[in-house]
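Heads up, the sequence shown is in the working numbering, so the first residue is 188 and it goes up one at a time.
Ideal Cβ placement from N, Cα and C applies to all residues, glycine included.
Below is one structure, written out as structure tokens, with a few remarks after it.
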Amino acid sequence: MDTPVLKKKLGLKERYAAMTRGLAWDTSYQPMDKVFPYDTYEGIKIHDWDKWEDPFRLTMDAYWKYQGEKEKKLYAVIEAFAQNNGQTGVTDARYINALKIFLTAVTPLEYYAYRGFAHVGRQFTGAGARVACQMQSIDELRHNQTETHALSHYNKYFNGMHSAKHMFDRVWYLSVPKSFFEDAYTGGPFEFLTAVSFSFEYVLTNLLFVPFMSGAAHNGDMSTVTFGFSAQSDESRHMTLGIECIKFMLEQDPANVPIVQGWIDKWFWRGYRLLSVVAMMQDYMLPKRVMSWRESWEMYVEENGESLFKDLARYGIRKPKGWIQACEGKDHISHQTFAVFYNYNAAAPIHTWIPKEEEMAWLAEKYPETFNQLYKPRWDYWREQAEQGNRFYQKTLPMLCQTCQIPMIFTEPGDPTQIAYRETEHKGDKYHFCSDHCKDIFENEPEKYVQAWLPPQQIYQGNCFKEGVDPTAEGFDPLLAVLDYYNMNVGRDNFDFEGSEDQKNFAAWRGDSAEGSTK
């Protein structure tokens, strides 16, 4: 009788190789280039896919184990929050408007990322990259689901959260995040990874998940805190994938450097513009504030970015073109963005308000060189007008930037008293931009951006009314017709926070006075 031979247990590195490279094969009756056509057409040259390394060396069996444990903890907290009427424990009903923006603007992006990584994971010849992208794809789908479940509790008690998916494809300001991801996943696989894994996840994502989730904790929203930090643990892997992708491309061939640099320039600026809404949420929509947008930018972008691009300099990579302007904008974009939402609140499914004196004092402290000089006089004037019964609502449609699709609200570099306007012509048509960088992005790929779906143009063309609506009918109100197309309940989902159903209901639950929920 032979003695059984014990098989040697594979080490972590060998096991990872067996569960990734070991599962791949070369095609036989069709050439590899035909089966994987997209990993070469961008011009990126890859000579050795085996050089792709995942520092986590995560395999699918371990992945399901870790994620399953996280799911149990997450849903236990969400269930406890719901059973204990956690919505009554938040600091102020104004805070819920930040969650409305998160649900309608951020959560759908997780689903877009899921689709994008699933597509990219199919396109790479290298098995290691394919496996990493497939796991991130599952992560993003999980984030979409957990965020939706956590925020669905608030939908039972507050207005404006009932049609998030419907609104994402229609509401004017939601075209900004929508266009970002549609731009990303209509690029090639390497550009998608640069856009999402590097520029957004590695360079900018901490601005969303860390300060905002800390703000949720300070405002009594443990449901959001839980899904935020559950997602952030995945983000550490995503950030690693982002930097690994960049270094892998740069190390494979010197010809990749200018291509990657162009993508970094483009996607840093596009991500920076996208996060203007997060800046607004952080500075204006958290009743109890943790840190200002300026402080977050300095901590998570300037400090980290300096060391990052110093490291990448050895590959020939410099800071993005828009770096200086973005760092200057840290003093302005939150104030400019909330002012636009205040102006156009009649067409947004959230409530807005004028900051209180103590809040403006906080903003003046955090922005000593800009707030009192440039933005407080505006808020003081609007308060005076509102008290006189002249609360201002802008009922016309703004000009949008053709690239980032944000209204023309941003100011000239070095002169915050002048709105920045740029213009170019393509095939006889004129296009408008909010900055030199958005203009450059357009001029590099005009055939792509002339197809942008811009809400004001679509509304003026009559494409944002429900079927059967007659714009020529007597008494036709185009604004009401558009809001009906958005599935918005006029007066309940929008307009001033003061006197709203959200404010009154919250005060009643808490047993506060009529003004209690704004204290």
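Reference residue i, options the options, closest by Cα
i      : options                        : result
Pro665 : Leu641, Asn406, Tyr647         : Tyr647
Tyr253 : Ala211, Ser420, Lys195         : Ser420
Asp235 : Glu493, Ala249, Gln439, Lys517 : Gln439
Glu654 : Glu661, Glu256, Gly662, Tyr673 : Tyr673
Leu296 : Asp226, Leu462, Ile233         : Leu462
Phe246 : Trp566, Ala314, Phe345, Ile288 : This sequence places Thr at residue 246; Phe is not what is there. Closest option to Thr246, Cα to Cα, is Ala314.
Leu261 : Phe311, Arg329, Tyr225         : Arg329
Lys259 : Thr413, Trp569, Tyr529, His353 : Thr413
Ala352 : Gly649, Leu495, Met675         : It is Lys, not Ala, that sits at residue 352 in the sequence shown. The shortest C-alpha separation from Lys352 is found at Met675.
Phe684 : Asp567, Gly615, Ile537         : Ile537
Lys287 : Arg244, Leu338, Tyr301, Ala316 : Leu338
Glu610 : Cys625, Pro603, Pro445, Trp484 : Cys625
Asp248 : Val318, Tyr487, Glu490         : Val318
Asn156 : Trp696, Asp680, Leu437         : No answer is possible for residue 156: it lies beyond the span of the chain, which begins at 188 and ends at 706.
Phe496 : Thr539, Gln448, Trp484         : Gln448
Trp510 : Asp623, Val677, Val307         : Asp623
Ser423 : Glu630, Ser384, Gly230, Tyr216 : Ser384
Residue i and residue j closer than 8 Å at C-beta
i      : j      : result
Thr294 : Glu334 : yes
Phe355 : Ser324 : no
Gln450 : Ala535 : It should be noted that the sequence gives Trp, not Gln, for residue 450. No, Cβ-Cβ distance for Trp450 and Ala535 is not below 8 Å.
Phe399 : Met322 : no
Ile520 : Phe597 : yes
Cys432 : Leu391 : no
Glu599 : Gln592 : no
Leu641 : Leu587 : yes
Arg457 : Asp518 : no
Tyr459 : Phe368 : no
His619 : Gln589 : yes
Met547 : Trp566 : yes
Phe223 : Phe311 : yes
His340 : Phe268 : yes
Ile541 : Ala513 : no
Leu394 : Thr291 : no
For residue i, three-class secondary structure by DSSP
i      : result
His234 : coil
Asp220 : helix
Gln274 : helix
Glu702 : A caution first: Glu702 carries a pLDDT of 48, below 50, which makes its placement in the model too unreliable to give a value.
Tyr720 : Absent from the structure is residue 720, since the part of the chain shown begins at 188 and ends at 706.
Leu587 : strand
Asp689 : helix
Ala694 : helix
Asp657 : coil
Lys614 : coil
Pro536 : coil
Phe715 : Outside the displayed range of the chain (188 to 706) lies residue 715, so it cannot be described from this structure.
Thr333 : helix
His349 : coil
His624 : helix
Glu599 : strand
Asp683 : strand
Pro594 : strand
Nearest-angstrom Cβ-Cβ length linking residue i and residue j, presumed shorter than 8 Å
i      : j      : result
Gly576 : Met409 : That belief does not hold up - the Cβ atoms of Gly576 and Met409 are roughly 40 Å apart, past 8 Å.
Met478 : Arg281 : Not a contact, Cβ separation roughly 18 Å.
Ala533 : Tyr608 : Their Cβ separation, rounded to whole angstroms, is 25 Å, which puts Ala533 and Tyr608 out of contact at 8 Å.
Gly429 : Tyr225 : 19 Å between Cβ atoms; not a contact.
Thr557 : Gly407 : Actually they are not in contact, since the Cβ atoms of Thr557 and Gly407 sit about 30 Å apart, beyond 8 Å.
Arg476 : Gly415 : Actually they are not in contact, since the Cβ atoms of Arg476 and Gly415 sit about 17 Å apart, beyond 8 Å.
Lys167 : Phe435 : Coverage of the chain is limited to positions 188 through 706, which leaves residue 167 absent and any answer about it impossible.
Pro594 : Pro603 : Not quite, the Cβ-Cβ distance comes to about 17 Å (not below 8 Å), so this is no contact.
Thr427 : Pro242 : 6 Å
Lys232 : Asn443 : 6 Å
Buried or exposed by the 16-neighbour rule on C-beta atoms within 10 Å, applied to residue i
i      : result
Glu525 : The residue you asked about is not Glu; residue 525 is Phe in the sequence shown. Under this definition Phe525 is a buried residue.
Met348 : buried
Lys196 : exposed
Glu327 : buried
Arg505 : exposed
Ala418 : buried
Thr275 : exposed
Pro474 : buried
Glu702 : Below a pLDDT of 50, predicted positions are generally treated as unreliable, and Glu702, at 48, falls in that range; no measurement from the model is reported.
Pro736 : As shown, the chain starts at 188 and ends at 706. That puts residue 736 outside it, with no answer to give.
Lys453 : buried
Asp657 : exposed
Gly503 : exposed
Ala500 : exposed
Tyr531 : buried
Lys563 : buried
Val464 : buried
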